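Asker: If you count by the working numbering, then the sequence shown holds residues 3 to 484, one letter each, in order.
Below is one structure. I have some questions about it.
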Amino acid sequence: MVFRTMRKRFKGIVWAIAITFVLGLLYVGGSALWRGNPLMDAAVASVNGKEIGYIPWYNTYWQLVQSQQAAGMPVTADQAEFVQYYALQQLIGHELLLQEANARKIKPSKAEIDAQLQALKEEYGGASAFAEQLAASNLTEADIREAITESLKIEELRNQVTANVTVTLDEVKTEYEEVKASHILIRPDGSDDEAWNAALAEAEEVLERLRTGEDFAEVAKEVSQDGSAQEGGDLGWFKRGDMVPEFSEAAFALAIGEISEPVRSQYGYHIIKVFERKTAEGEEFAAAEAELREEIRERKQSDEFNAWYAEVVEKAEIEVRDPRMRGYEALRLGNYEEAAEAYQEATAFYPDDPYLYSSLASVYDRLGRTEDALEQLKIAVEKTESDPELYLQLGDKYRVLEREEEAVTAYSKASELAPEDFMIHLQLLNAYTAMGRQDLVAVEEEKLAEIQRMYAEMSQASVEEDSTEAEDESAEVETSQE
Numbered sequence: 003m004v005f006r007t008m009r010k011r012f013k014g015i016v017w018a019i020a021i022t023f024v025l026g027l028l029y030v031g032g033s034a035l036w037r038g039n040p041l042m043d044a045a046v047a048s049v050n051g052k053e054i055g056y057i058p059w060y061n062t063y064w065q066l067v068q069s070q071q072a073a074g075m076p077v078t079a080d081q082a083e084f085v086q087y088y089a090l091q092q093l094i095g096h097e098l099l100l101q102e103a104n105a106r107k108i109k110p111s112k113a114e115i116d117a118q119l120q121a122l123k124e125e126y127g128g129a130s131a132f133a134e135q136l137a138a139s140n141l142t143e144a145d146i147r148e149a150i151t152e153s154l155k156i157e158e159l160r161n162q163v164t165a166n167v168t169v170t171l172d173e174v175k176t177e178y179e180e181v182k183a184s185h186i187l188i189r190p191d192g193s194d195d196e197a198w199n200a201a202l203a204e205a206e207e208v209l210e211r212l213r214t215g216e217d218f219a220e221v222a223k224e225v226s227q228d229g230s231a232q233e234g235g236d237l238g239w240f241k242r243g244d245m246v247p248e249f250s251e252a253a254f255a256l257a258i259g260e261i262s263e264p265v266r267s268q269y270g271y272h273i274i275k276v277f278e279r280k281t282a283e284g285e286e287f288a289a290a291e292a293e294l295r296e297e298i299r300e301r302k303q304s305d306e307f308n309a310w311y312a313e314v315v316e317k318a319e320i321e322v323r324d325p326r327m328r329g330y331e332a333l334r335l336g337n338y339e340e341a342a343e344a345y346q347e348a349t350a351f352y353p354d355d356p357y358l359y360s361s362l363a364s365v366y367d368r369l370g371r372t373e374d375a376l377e378q379l380k381i382a383v384e385k386t387e388s389d390p391e392l393y394l395q396l397g398d399k400y401r402v403l404e405r406e407e408e409a410v411t412a413y414s415k416a417s418e419l420a421p422e423d424f425m426i427h428l429q430l431l432n433a434y435t436a437m438g439r440q441d442l443v444a445v446e447e448e449k450l451a452e453i454q455r456m457y458a459e460m461s462q463a464s465v466e467e468d469s470t471e472a473e474d475e476s477a478e479v480e481t482s483q484e
């Protein structure tokens, strides 16, 4: 879990409350989706003996789904499992932090809670509007006070954990200083000493050419074995931490216009020339110092807190009980036999979820059980006949098993379900090319061309519409001026 710095307490509290509101809204409809599920009254996980229920987990998941939707990045069906796992990790992390805060006897004062509650009411347009929102969300003011209390506890916990973080002037200077440099890279042809010695000898020859007055950029274009060669070796501006240590140390030790001796790194031998530098002195540095110091402090606090949190997780007794989440976690860790067992168990609780069978198929693939993977994908497409991605997977599996006609049937279904999806048809084109089916390659090439024409027409129509609107607005302005 990544913990971002709370720059302002109020923003952090409003964020926490916003989630509480969403969870309240989701609770009403979300629980209905679980009706009849035997896991409904069970725990999805436990943290040091404290259980986390399915409803909070499911609601947190839907909050994340809606957040992604609002950001223009909707969660696709095959991504749902990852988002569910992420939601579970959020809840586990929240519970761990609360337990740590309680162990330290962190307790916000009533005045702090009242102040945050009042700020929240003002944010919603006053006490009356706030009360209406509570009622609509099926929440009480006590629920909000509890959420505020938890947020303040976690914030104070973070403050305590990172209290000893300091920032030195040298750290600020290092963050500020930059150089503008170019380099020439000579790579060894192998990894043995002979190859490295040959690369050094070549680098020394290049250095001699530069010392006799040849233009650095022209020599770089001719001999450098780095992607920057076409730009004359130009690397632009960079800070100390942007490059490997050996390179960075040499570059920042050079004066403007100075050329280095060959510098060895993991990539080969570098010849470096510095053209400009920004030093940590003068009015410009003084104006930037405070902001830089705060940025460094926040970064160090985040690193300190994350390191501390990793230790807390390591010591905690965390049990993931939901079989699907156990399967996903085992899959992530490469424990494929355990993942297969957990996913098989999960099918009893989520028998109609096609993507569960797709996940089980991916595990079987890793175990080399291709026939079993095929059977799971066949079940997946039976559960939903509307997802072209599943039919693509099914077609790929038939193709691996050299069952060409069945592969073509599955691919054709994917094409039928996604007539205007460029990426689907591109994948079909590649599949048919691999199969040597030039007749079907030609069909897909024509479909891709049609899709491109359609997009071009839509783009042109949009441009014309924007142009018409601009002309209308201009005419309105002229009329009003008359």
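We put the beta carbon where it would ideally sit given N, CA and C, even for glycine.
Predicted model, so just to flag it, every value in this text is computed and none were measured.
I need the DSSP call for Ala-183, collapsed to helix, strand or coil.
Answerer: strand
Asker: Mind pulling the alpha helix (DSSP H) runs of 4 or more residues that sit fully within the region 82-132?
Answerer: Runs found: 82-105, 112-125.
Asker: Please classify Asp-195: is it buried, with 16 or more other beta-carbons within 10 angstroms of its beta-carbon, or exposed?
Answerer: exposed
Asker: Which residues does DSSP list as the beta-bridge partners of Gly-270?
Answerer: Ser-267
Asker: Report the start-end ranges of each alpha helix (DSSP H) in the region 147-195 that is 4 residues or longer and not cut off at the edges.
Answerer: 171-178
Asker: Taking only runs that begin and end inside the region 282-319, name each unbroken alpha helix (DSSP H) of 4 or more residues, in chain order.
Answerer: For the region 282-319, whole alpha helix (DSSP H) runs of length 4 or above, ordered along the chain, are 284-317.
Asker: Distance check for Val-208 and Ser-250, CA to CA, integer angstroms please.
Answerer: 21 Å
Asker: Tell me the DSSP secondary structure of Ala-144 in three-state form.
Answerer: helix
Asker: Could you pull the start and end residues of the alpha helix (DSSP H) that Lys-241 belongs to?
Answerer: Here Lys-241 belongs to no alpha helix (DSSP H), and DSSP marks it neither H nor E.
Asker: Look up Asp-398 in the DSSP assignment and say whether it is helix, strand or coil.
Answerer: helix
Asker: Over the uninterrupted alpha helix (DSSP H) stretch that includes Ala-433, give me the two end residues.
Answerer: 424-437
Asker: Excluding the 5 residues preceding and the 5 following Arg-147 in the sequence, name in chain order all residues of the same chain whose CB lies nearer than 8 Å to its CB.
Answerer: Ile-115, Leu-119
Asker: Taking the beta strand (DSSP E) that Glu-53 belongs to, which residues open and close that run?
Answerer: 52-55 is the span of the beta strand (DSSP E), which, as asked, contains Glu-53.
Asker: Among Phe-254, Ser-139, Ala-131, whose alpha-carbon lies nearest the alpha-carbon of Val-181?
Answerer: Phe-254
Asker: Comparing C-alpha positions only, which one of Arg-328, Ala-292, Asp-374, Ala-332 sits nearest to Ala-47?
Answerer: Out of Arg-328, Ala-292, Asp-374, Ala-332, the CA that lies nearest to the CA of Ala-47 is found in Arg-328.
Asker: What's the C-alpha gap between Ser-193 and Tyr-271?
Answerer: 13 Å
Asker: When you compare the CB positions of Ala-341 and Ala-350, do they come within less than 8 Å of one another, or not?
Answerer: no
Asker: Would you mind sorting Lys-107 into buried or exposed? The rule is 16 or more other CB atoms within 10 Å of its CB.
Answerer: exposed
Asker: In its own chain, which residues sit with a C-beta less than 6 Å from the C-beta of Ile-261, not counting the 5 before and 5 after it?
Answerer: Leu-212, Lys-275
Asker: Taking the beta strand (DSSP E) that Ala-45 belongs to, which residues open and close that run?
Answerer: 45-49
Asker: Rounding to the nearest angstrom, what Cα-Cα distance links Leu-335 and Thr-62 in this structure?
Answerer: 24 Å
Asker: With DSSP as the reference, identify every bridge partner of Lys-275, one or two as the case may be.
Answerer: Ser-184, Ile-261
Asker: The alpha helix (DSSP H) spanning Leu-335 covers which residue range?
Answerer: Note, Leu-335: premise wrong, no alpha helix (DSSP H); not H, not E.
Asker: By the three-class DSSP mapping on this structure, what secondary structure does Asp-374 have?
Answerer: Three-state DSSP puts Asp-374 in a helix.
Asker: In whole angstroms, give me the CA-to-CA distance for Met-245 and Thr-176.
Answerer: 13 Å
Asker: Quick one, which of Val-402, Ala-44, Ala-344 has its alpha-carbon nearest Met-437's?
Answerer: Val-402
Asker: Exposed or buried, which one is Asp-398 when buried takes at least 16 other CB atoms within 10 Å?
Answerer: buried
Asker: Three-state secondary structure (DSSP) at Val-221?
Answerer: helix
Asker: If you compare alpha carbons, which of Leu-362, Asn-104, Thr-281 is closest to Ala-348?
Answerer: Leu-362
Asker: Sorted by chain position, which residues of the same chain lie with C-beta nearer than 6 Å to Thr-164's C-beta, five sequence neighbours on each side aside?
Answerer: Gln-303, Glu-306, Phe-307
Asker: What whole-angstrom Cβ distance do Val-174 and Glu-286 have, given they're in contact under 8 Å?
Answerer: Contact flag wrong, Cβ pair sits at about 13 Å.
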